[in-house]
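So the sequence shown is numbered by our numbering: it starts at 99 and just counts up by one. We put the beta carbon where it would ideally sit given N, CA and C, even for glycine.
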Amino acid sequence: MSDWLHNLPLPLMAVVIFAFTYLLAAGIFAGIALAATEERAKSLKAISPGMLPVLGIIFGLFVAFTAAQVWGDSDRASAAVSREASALRSAVLLAGGLPTEQETKLRGLVRDYVGQAVAVEWPMMAHQQASLKVTPPPLAEALQLVVTMTPQGTGQANVQRELIAALEQALDARRQRIIVSLAAVNPVKWWCLYLQAACALLVIGLVHCDNRLGSAIAMGLFATGVATSVLLIAAHDRPFAGQISIQPEPLLQIMPEGPGKG
Numbered sequence: 099m100s101d102w103l104h105n106l107p108l109p110l111m112a113v114v115i116f117a118f119t120y121l122l123a124a125g126i127f128a129g130i131a132l133a134a135t136e137e138r139a140k141s142l143k144a145i146s147p148g149m150l151p152v153l154g155i156i157f158g159l160f161v162a163f164t165a166a167q168v169w170g171d172s173d174r175a176s177a178a179v180s181r182e183a184s185a186l187r188s189a190v191l192l193a194g195g196l197p198t199e200q201e202t203k204l205r206g207l208v209r210d211y212v213g214q215a216v217a218v219e220w221p222m223m224a225h226q227q228a229s230l231k232v233t234p235p236p237l238a239e240a241l242q243l244v245v246t247m248t249p250q251g252t253g254q255a256n257v258q259r260e261l262i263a264a265l266e267q268a269l270d271a272r273r274q275r276i277i278v279s280l281a282a283v284n285p286v287k288w289w290c291l292y293l294q295a296a297c298a299l300l301v302i303g304l305v306h307c308d309n310r311l312g313s314a315i316a317m318g319l320f321a322t323g324v325a326t327s328v329l330l331i332a333a334h335d336r337p338f339a340g341q342i343s344i345q346p347e348p349l350l351q352i353m354p355e356g357p358g359k360g
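#1: Under 8 angstroms, do Val244 and Leu261 count as touching if we go by C-beta distance?
#2: Mapping the DSSP letters down to three states, classify Val168 as helix, strand or coil.
#3: Using only alpha-carbon positions, find the residue among Trp169, Ala255 and Leu241 that is nearest to Ile344.
#4: Once you ignore the five residues that flank Met149 on each side, which residues in its own chain have a CB closer than 6 angstroms to its CB?
#5: Where does Phe338 fall in DSSP's three states?
#6: Quick one, which of Ala123, Leu106 and Gln258 has its alpha-carbon nearest Ala296's?
#7: If you check the beta carbons only, do Val278 and Asp210 fall under 8 angstroms apart?
#8: Please report how far the alpha carbon of Met111 lies from the alpha carbon of Val324, in whole angstroms.
#9: Taking only runs of the alpha helix (DSSP H) that begin and end inside the region 260-337, which ones reach a length of at least 4 residues, in chain order?
#10: Is it a yes or a no for the region 323-340 touching the region 102-118, going by three-plus beta-carbon pairs under 8 angstroms?
#11: Pick out the complete beta strand (DSSP E) segments inside the region 156-235, 3 residues or longer, and give them in chain order.
#12: Thinking C-alpha only, which one of Gly213, Gly340, Gln254 and Phe127 is nearest Pro235?
#13: Leu299: buried (16+ other C-beta within 10 angstroms of its C-beta) or exposed?
#14: Take Leu349 as the anchor and find which of Ala271, Gly340 and Gly195 has the nearest alpha-carbon.
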């Protein structure tokens, strides 16, 4: 699905998805009504109602497999952001073991990195445009600062080692969240999901072709279930896009407020 749909407010997204699904059901209903003449109605009615449970189960499996991917991507994205925030928080705390000048500079670099991630990377991830080609300059500079420092004593050597590990963990977590931001349900899965729904709607209409009111009610109920399932998946499809998305609050909460503050 396109960017414009994923970035709609949830109520508008629901309107679009429900309208499209009901339009699909109405088109199938109208087609069956035109085809089910007196001569053909008996032949169409001969389609076994036993197909309905099979088609319903297959549609349910499609929904379950697609939803499993979406939930997995969302969990991975949330875990990556939390791990990144935790690593940066560790770096900020460990900076207290450095000389004052280096501590102040490191805290400033972490603050710049968080600000860049929130202001630049989050909107890019929402549109699946974030890239791993370039390492954020503030984080690269922070890592270089720690690697090139000359520790004074065992204590600072331990701090240096732990800081390097924390910054590398933050870089790895950033890579993970950007990779997950590129994940989405591909068009083939959406087409297959709706094709399976259309097949089920068609069979419902054919089985009840001699009862227009019953057919309309049954198809309407199934279309509502289809639209609800699609809305649930689409609203969570891209972890960093839309009204229901992962926000950068964990990073903002650990952002150093200024020199000497943790």
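Put simply:
#1: Contact: yes.
#2: Helix, per DSSP.
#3: Ile344 has its Cα closest to that of Trp169, out of Trp169, Ala255 and Leu241.
#4: Once the five neighbours on either side are set aside, the close Cβ partners of Met149 are Val301.
#5: Coil.
#6: The option with the nearest alpha carbon to Ala296 is Ala123.
#7: Their beta carbons are not under 8 angstroms apart, which means Val278 does not touch Asp210 by this criterion.
#8: Answer to the nearest angstrom: the Cα atoms are 14 angstroms apart.
#9: Counting only runs of 4 or more, we get 285-305 and 310-334.
#10: Flag = yes, the region 323-340 and the region 102-118 touch.
#11: DSSP assignment within the region 156-235 yields no whole beta strand (DSSP E) run of 3 residues or more.
#12: Nearest C-alpha to Pro235: Gly213.
#13: For Leu299, the number of other beta carbons within 10 angstroms of its own is at least 16, and it is reported as buried.
#14: The shortest CA-to-CA distance from Leu349 to any of Ala271, Gly340 and Gly195 is the one to Ala271.
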